[in-house]
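Here's the structure, in structure tokens; my notes come after.
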Amino acid sequence: MRKLPLLWALALAAGGSLRAQETFPVAGVADPKSEHYALTHATIYKDATTVLTDAMLVVKDGRIVSVGPSATPPAGAVVIDCKGKFLYPSFIDLYSDYGLPAIQRPTGNFDFFARAQYNSSVKGAYGWNGAVHPEQEAYRQFSVNDAAAKGLRDLGFGTVLTHVKDGIARGTGALVTLKSDKDNKVLLRERASAHYSFSKGSSTQAYPSSLMGSIALLRQTYLDAKWYKGKPAKEGVNLSLQAWNDQQALPQIFEANDKWNDIRADRVGDEFGVQFIIKGGGNEYQRLREIAGTKATYILSLNFPQAQDVEDPADARFVSLADMKHWELAPTNPASFEKAGIPFCLTASDLRDPKTFWASVRTAINYGLSETAALSALTKTPAQVLGVYDQVGSLEPGKWANFLVTSGSPFAEKTVLYQNWVQGAKYIVRDDSWTDRRGAYKLVVNTTAGPQEYTLNFNEANSASLIGKDTVTSRFYYDGRQVRINVSPERRPGFSLALSGIVNEDAWSGTGSDAEGNRLTWTATYQGALPSRADSARAKRPQGPLGAVTYPFLPFGWSDSTRPKQEVILIRNTTVWTSEEQGVLQNTDVLLAGGKIAAVGKGLPAPAGARVIDGTGKHLSPGVIDEHSHIAAASINEGGQSVTSEVRIADNLQPDDINIYRQLSGGVTTSHILHGSANTIGGQTQLIKLRWGADDEGLKFKGADPFIKFALGENVKRSASTLNNGSNNNRYPDTRMGVEQVLTDAFTRAHEYENAWKVWNSAKKKKGLTEPRRDLELDALVEILNSKRFITCHSYVQSEINAAMHVAERLGYKYNTFTHILEGYKVADKMKAHGANASTFSDWWNYKMEVVDAIPYNASLMQRVGLNVAINSDDAEMARRLNQEAAKSVKYGGMSEVEALKMVTINPAKMLHIDKQTGSIKVGKDADLVLWSDNPLSIYARSLYTIVDGTVYFDREKDAQLQRAVTAERARLIRKMTGEKRSGAPVVPAQPSYQVLLTCGEHNHSHGLLTLDDQVGEDGAQ
1 MRKLPLLWAL ALAAGGSLRA QETFPVAGVA DPKSEHYALT HATIYKDATT
51 VLTDAMLVVK DGRIVSVGPS ATPPAGAVVI DCKGKFLYPS FIDLYSDYGL
101 PAIQRPTGNF DFFARAQYNS SVKGAYGWNG AVHPEQEAYR QFSVNDAAAK
151 GLRDLGFGTV LTHVKDGIAR GTGALVTLKS DKDNKVLLRE RASAHYSFSK
201 GSSTQAYPSS LMGSIALLRQ TYLDAKWYKG KPAKEGVNLS LQAWNDQQAL
251 PQIFEANDKW NDIRADRVGD EFGVQFIIKG GGNEYQRLRE IAGTKATYIL
301 SLNFPQAQDV EDPADARFVS LADMKHWELA PTNPASFEKA GIPFCLTASD
351 LRDPKTFWAS VRTAINYGLS ETAALSALTK TPAQVLGVYD QVGSLEPGKW
401 ANFLVTSGSP FAEKTVLYQN WVQGAKYIVR DDSWTDRRGA YKLVVNTTAG
451 PQEYTLNFNE ANSASLIGKD TVTSRFYYDG RQVRINVSPE RRPGFSLALS
501 GIVNEDAWSG TGSDAEGNRL TWTATYQGAL PSRADSARAK RPQGPLGAVT
551 YPFLPFGWSD STRPKQEVIL IRNTTVWTSE EQGVLQNTDV LLAGGKIAAV
601 GKGLPAPAGA RVIDGTGKHL SPGVIDEHSH IAAASINEGG QSVTSEVRIA
651 DNLQPDDINI YRQLSGGVTT SHILHGSANT IGGQTQLIKL RWGADDEGLK
701 FKGADPFIKF ALGENVKRSA STLNNGSNNN RYPDTRMGVE QVLTDAFTRA
751 HEYENAWKVW NSAKKKKGLT EPRRDLELDA LVEILNSKRF ITCHSYVQSE
801 INAAMHVAER LGYKYNTFTH ILEGYKVADK MKAHGANAST FSDWWNYKME
851 VVDAIPYNAS LMQRVGLNVA INSDDAEMAR RLNQEAAKSV KYGGMSEVEA
901 LKMVTINPAK MLHIDKQTGS IKVGKDADLV LWSDNPLSIY ARSLYTIVDG
951 TVYFDREKDA QLQRAVTAER ARLIRKMTGE KRSGAPVVPA QPSYQVLLTC
1001 GEHNHSHGLL TLDDQVGEDG AQ
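Going by our numbering, 831 is the number at position 831 of the sequence shown; the sequence numbering is gapless.
Rendered as structure tokens:
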């Protein structure tokens, strides 16, 4: 380290010879200039924690030569007296697209019926998907933009990382300064980073069409790039994969923009040994424990939401509590990172107006962020993240001379940013007050009637008040050298005064004219400082106590102190519907301990500390299991291809779904979250337990067999997706016959793929043998062939059900479950011979052509043949009353009550292969139970307690308390937002929240009201 100053001294001394080596010719006479400055007597912040007082900064040829106590300036340096001034490192923004051309988005109106694009439109030896373009390099498109650079410099930035914000794999970013110079002079590092996101951006390619599709594409690309390192002959040249591999040593930056996407991105990185730098979404404070677990450095936006206009109750009722809570708590996000010790940077990107940057930073500080952390997040941390702290990020010898000159802390509202130096070039931001001349002045105007005295109060750059007999605000201009004062008749009737003059230390003088045009002279003499004024309200401050963060961040979420815990529970003297051979037990006790059913019997003793619930007159049943659900997922359908077995619902579980709580209120404890029915072979499903408040991993039913969704019929061949019976559908298949061929082709390829790996594994030591390409799509199909993954298949028409089973039997796999199966009564015997289960609707029919033969006797008829039958929802609202749906078979098919209840308890447990863990009341099974107010098949039955793993996640009495708390919290936040409007702060029109449209508030889980979420089409198509 000691050699560094000497090396720089030698380099600077050789400046003349270095200039002779420049490759750009000089048009005319060469005029080389050595830029050499000494800024003296300043308070210098070398970094956020190192402060030098009465210090000197020496700059030569764009670099910092020395930083230290003021001494004799070096010979030849231009001396700038900075007494009373502060020097800080210029800021660094890691998330910019400065200097890059605008992204060309698709033009024209969206046409649902347009033919889809399945191949990339990019010409050349590149990858197959247009959203993955790592070969794109920002520095090749970069060009200095003086106007944009000035805007950023005026905010305090000196360096930005710029990249093309488009696509899933976006290529490399370039580190550039904001100096107005030739492109090659400002480019500090041409390949400074690699960028990714979950958004395919401007790509018009059909795949991916979902979040889980984007994740699958990323995972597959990582595998393909690794495989490509072996230069497989079959692939030829793939410049995209080559670029991907070349970029892996760079800092990897992922635009996630949401707390759950942060975690999803980190998991992709963990799978492939990559630690992403994550651009957050501003809501990370809602799941800080999980965010800290990523071990990532974050880039945080300061785009805090504005208050909504909720003064009208008719508007307010459609704004969700979650949105209002986020408005209140979003400014705490940076402070929460600091408190948790999570490294972060700040960015000006995403701001509605870049000019609000400073107000937003101050708001974050008012909400708990320290100035030290804020300065580090804008200087040192981003430089370290990119590995360029040897060039920028602090004021040290050898680094670029990127620094701010201010009147005080850059985070104080009244601080003036005078100058922003970039690579040793001075850019004036506001030099008019370099010498602070604000204060009270005695103004003497020499008129024809004699001298007239006034008091001139100069507070801000272009604002002053003139006091004579009264006070009037004048038009005032001051640039540090000249001054103009104008009082027009509009400001003071019957009075006009126009003065202009020169500033000379504390005495100003000049000439002017009065209302009649008479010439006059004037002087102004400094009298003293004005009383300090309070800061304005432009930077928000917390008004009163802030609301609590809840898990999930929704109505009825738990706080840290109220989070439900597993208990020892004794339910006494109740009617127990076991869903076992014992049937219904009267006046029986059930003991729960350690998350399991510990005992079933009469007169059970209560263990010490147990919670005792009186079940007299009530009914206890196993928790309801929904075999076919689409709740709690961020995306449902990946329809970009006919076979998408590589996508996984598990990758995009959404714990912040109010339907989890609503369905707990209807007794549901386990849900099978399926991919939609957009394609023949859809995505991998995810079984969850409704552990309200858990994160996505906490929702998963651990150890359960994996499943996958297949589909047959109209949805797959897309006859319902076009107005002309599918003639514009360019995605194969177009007929039911084509569906059969897709299945045949897919499993034929799966067999060949499996055999290729068998050959490789048995002979991989032989030289010259190329390892097969790992294919996530075929991996899942091989799991099916080996009975390690199981199929649930969307189905209606008997002919296609028969065809599907024939293909499966010919190619060596089996259908575990046919879901919907509304013509199952026609082929029940064949299904039984195949070994399939049936998961059906109770009485849905005639809602599209292929269900015209559906009948409400279907479930009973299939059961009589000997099939294992379940009733499912496929609908977020219906799932809250699956017990009633099961009861319909008692009416239509004469099914016994015991057997009817089994269709939503033990029967779906059997078809999901979890009947050893749950689905009935038996000692040793999971404590997943519902205590009902009445016979569970009755329309009057209400769940009083819904218990998952021995934890009470729904308590009807507590729910009533929570509803009152939600009402009170909504009222508080509405008052607060309304107060924001009345204070004159900007507000936006009320924004109806998707989750509460068509509802009556937040309480519809316990009323028969539907939300727009509940109204989605079949299979949850979003």
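For every residue, glycine included, the Cβ atom is placed at its ideal position computed from N, Cα and C.
Is residue i near the ligand FMN, judged by its Cβ being under 7 Å from some heavy atom?
i, result
"Val600", "Because no ligand of any kind appears in the structure shown, any question about the ligand FMN cannot be addressed here."
Helix, strand or coil: how does DSSP classify residue i here?
i, result
"Val51", "strand"
"Met895", "coil"
"Lys279", "strand"
"Gly450", "strand"
"Ile801", "helix"
"Gly269", "helix"
"Asp928", "coil"
"Ile485", "strand"
"Met831", "helix"
"Gly76", "coil"
"Tyr732", "coil"
"Asn846", "coil"
"Val851", "helix"
How is the alpha helix (DSSP H) around residue i delimited, first residue to last?
i, result
"Gly398", "First-last for Gly398: undefined, no H or E at that position."
"Asn573", "Note, Asn573: premise wrong, no alpha helix (DSSP H); beta strand (DSSP E) at Ile569 to Trp577."
"Lys139", "According to the sequence displayed, residue 139 carries Tyr and not Lys. Counting along the chain, the alpha helix (DSSP H) containing Tyr139 begins and ends at Ala138 to Gln141."
"Tyr37", "Note, Tyr37: premise wrong, no alpha helix (DSSP H); beta strand (DSSP E) at His36 to Tyr45."
"Tyr222", "Leu211 to Tyr228"
"Gly698", "Asp696 to Leu699"
"Asn323", "Checking the displayed sequence, the identity of residue 323 turns out to be Asp instead of Asn. Element bounds for Asp323: Leu321 to Leu329."
"Leu288", "Leu288 to Gly293"
"Lys910", "Ile906 to Met911"
Which stretch, first to last residue, makes up the beta strand (DSSP E) that contains residue i?
i, result
"Thr190", "First, the amino acid is wrong: residue 190 is Glu here, not Thr. It spans Leu187 to Ser197 - the beta strand (DSSP E) in which Glu190 sits, taken as one unbroken run."
"Asp955", "Thr951 to Asp955"
"Trp760", "Looking at the DSSP string, Trp760 is not in any beta strand (DSSP E); the run it does join, the alpha helix (DSSP H), is Arg736 to Ala763."
"Ala340", "No beta strand (DSSP E) contains Ala340, which is instead part of the alpha helix (DSSP H) from Asn333 to Ala340."
"Val948", "Ser943 to Val948"
Count the other CB atoms within 10 Å of the CB of residue i; is the residue buried (16 or more) or exposed (fewer)?
i, result
"Ser799", "exposed"
"Met849", "exposed"
"Ile215", "buried"
"Asp506", "exposed"
"Phe24", "exposed"
"Ala125", "exposed"
"Lys826", "buried"
"Arg881", "buried"
task = Pair every Cβ in the segment 288-307 with every Cβ in the segment 339-351, then say whether three or more of these pairs are closer than 8 Å.
result = yes
query = Contact between the segment 174-186 and the segment 143-158: three or more CB pairs below 8 Å?
reply = yes
inquiry  = Under 8 Å: do the segment 280-293 and the segment 947-961 share three or more Cβ pairs, one atom per stretch?
reply    = no
inquiry  = Is it the case that the segment 361-369 contacts the segment 50-59, given that we only count it when at least three CB pairs across the two stretches are under 8 Å?
reply    = no
inquiry  = Which runs of the beta strand (DSSP E) at least 3 residues long sit entirely within the segment 605-676? Give them in chain order.
reply    = DSSP runs (the beta strand (DSSP E)) wholly in the segment 605-676: 611-614, 619-622, 624-629 and 668-673.
request  = Kindly confirm or deny that the segment 187-206 and the segment 614-625 touch, where touching means at least three C-beta pairs closer than 8 Å.
outcome  = No contact exists between the segment 187-206 and the segment 614-625.
inquiry  = Across the segment 203-214 and the segment 625-638, are there enough close Cβ pairs to call them in contact, namely three or more that are closer than 8 Å?
reply    = Flag = yes, the segment 203-214 and the segment 625-638 touch.
query = Are three or more beta carbon pairs between the segment 593-613 and the segment 650-657 nearer than 8 Å?
reply = no
task = Kindly confirm or deny that the segment 871-881 and the segment 847-858 touch, where touching means at least three C-beta pairs closer than 8 Å.
result = The segment 871-881 vs the segment 847-858: no contact.
inquiry  = Quick check on the DSSP output: what are the complete alpha helix (DSSP H) runs of length 4 or more inside the segment 498-549, in order along the chain?
reply    = Listed in chain order, nothing qualifies, since the segment 498-549 has no complete alpha helix (DSSP H) run of 4 or more residues.
key: Whole alpha helix (DSSP H) elements within the segment 233-260, 4-residue minimum   = 239-246
ask   = Which ranges does the beta strand (DSSP E) cover as unbroken runs of at least 3 residues, wholly within the segment 856-894, from first to last along the chain?
value = 869-871
ask   = Between the segment 664-679 and the segment 244-261, do three or more beta carbon pairs fall short of 8 Å?
value = no
ask   = Three or more beta-carbon pairs under 8 Å between the segment 602-611 and the segment 575-592, yes or no?
value = yes
inquiry  = Using a Cβ distance threshold of 8 Å, determine whether the segment 961-979 contacts the segment 539-550, with at least three qualifying pairs required.
reply    = yes
query = What are the start and end residues of each continuous beta strand (DSSP E) run of 3 or more residues lying completely inside the segment 113-171, in chain order?
reply = 157-162
key: Length at least 4, wholly inside the segment 340-376: the alpha helix (DSSP H) runs in chain order   = For the segment 340-376, whole alpha helix (DSSP H) runs of length 4 or above, ordered along the chain, are 357-366.
request  = Please confirm if the segment 447-456 is in contact with the segment 215-235, defined as three or more CB-CB distances below 8 Å between the two stretches.
outcome  = no
ask   = Using 8 Å as the threshold, is the segment 83-91 in touch with the segment 375-388, meaning 3 or more CB pairs across them?
value = yes
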